[in-house]
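Counting from 29, one number per residue, gives the positions in the sequence shown under the working numbering. Idealized CB from N, CA, C, for every residue including glycine. Keep in mind it's a predicted model, so treat the numbers as computed, not measured.
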Amino acid sequence: MDNLKTLLEIFWSFLQVSLTSLGGGGAILLESQRQAVTLHHWVTPSEFNEAVTLGQLMPGSSGGLGVVVIGYQAGGWLGGIIAAIGLYLPAAILTGLVTHLSQRWQHSSWMGALQQAIVPISLGLLVVMAGLFSKTAIRHWQEGGLVLIVALAYWRWHLNPILIILATAWIGFWLPFAASP
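Shown next, in the form of structure tokens:
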């Protein structure tokens, strides 16, 4: 019975994440952190960052795959699956509905205004999430420098994310040795 309660909490939490996270990735992460770390204490802030990082390494929706890890930690394999269903099912249904309605009213002025308003909202949520994520992810100046190098490499040269991940993993492996006296 206790396991069923946990599974229902996982589903309900990520259903709420799905329905309140307008704009995708950053918004998903922000509300997921609130649900998993602050409200339910399924994971610590560091474990949340690790789950998100693992989700980033997987193909597919980078923001969403971290919730599978969180669901797994809270409720085992079934918890991971239920977290994914809670996150993706409402979004899939609403995306179909909104696509239908936006095509129907594509020439209305309010539809254009709505679509333009979503961009700055999403950007703001991404900035907030980056700030929250960096509080526990960046522990030393070397890691902060690595973040800046990665951002510059991607922004300036549009390097393949897989190459960036492999290079930073290699550098990250050696950072503790460089930082120790």
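Within the model, the alpha-carbon separation for Pro204 versus Glu171 is close to 10 Å.
The straight-line gap separating the alpha-carbon atoms of Asn31 and Ala119 is approximately 26 Å.
Only residues of its own chain outside the window of five on either side were considered, and among them Ser49, Leu153 have a CB closer than 6 Å to the CB of Ala55, listed in chain order. Rounded to the nearest whole angstrom, the C-alpha separation of Glu75 and Leu35 is 19 Å.
For the 8 Å CB-CB criterion, Ile192 and Val178 form a contact. At the C-beta level, Val80 and Gln63 stay beyond 8 Å of one another.
The closest CA to that of Gly99, considering only His69, Val156, Ile166, is found on His69. Here Phe161 has Leu57, Asn77, Val80 as same chain residues with Cβ atoms under 8 Å from its own Cβ, once five neighbours each way along the sequence are excluded. If you look at Asn31, you'll find it in the alpha helix (DSSP H) that goes 30-48. Looking only at Val96, Pro87, Arg184, the smallest Cα-Cα distance to Val71 is reached by Val96. When rounded, the separation of the alpha-carbon atoms in Gln134 and Gly140 is 8 Å. Gly94 counts as buried, since at least 16 other C-beta atoms from the protein chains shown sit within 10 angstroms of its C-beta. When secondary structure is reduced to three states using DSSP, Arg132 falls in the helix class. The beta-carbon separation of Leu43 and Gly114, rounded to 4 Å, stays under the 8 Å limit for a contact.
Here Trp185 carries a helix assignment [DSSP, helix/strand/coil].
Per the C-alpha coordinates, the member of Leu85, Ile38, Ser130 positioned closest to Ala111 is Ile38. In the DSSP annotation of this structure, the continuous segment of the alpha helix (DSSP H) that includes Pro73 starts and ends at 73-85.
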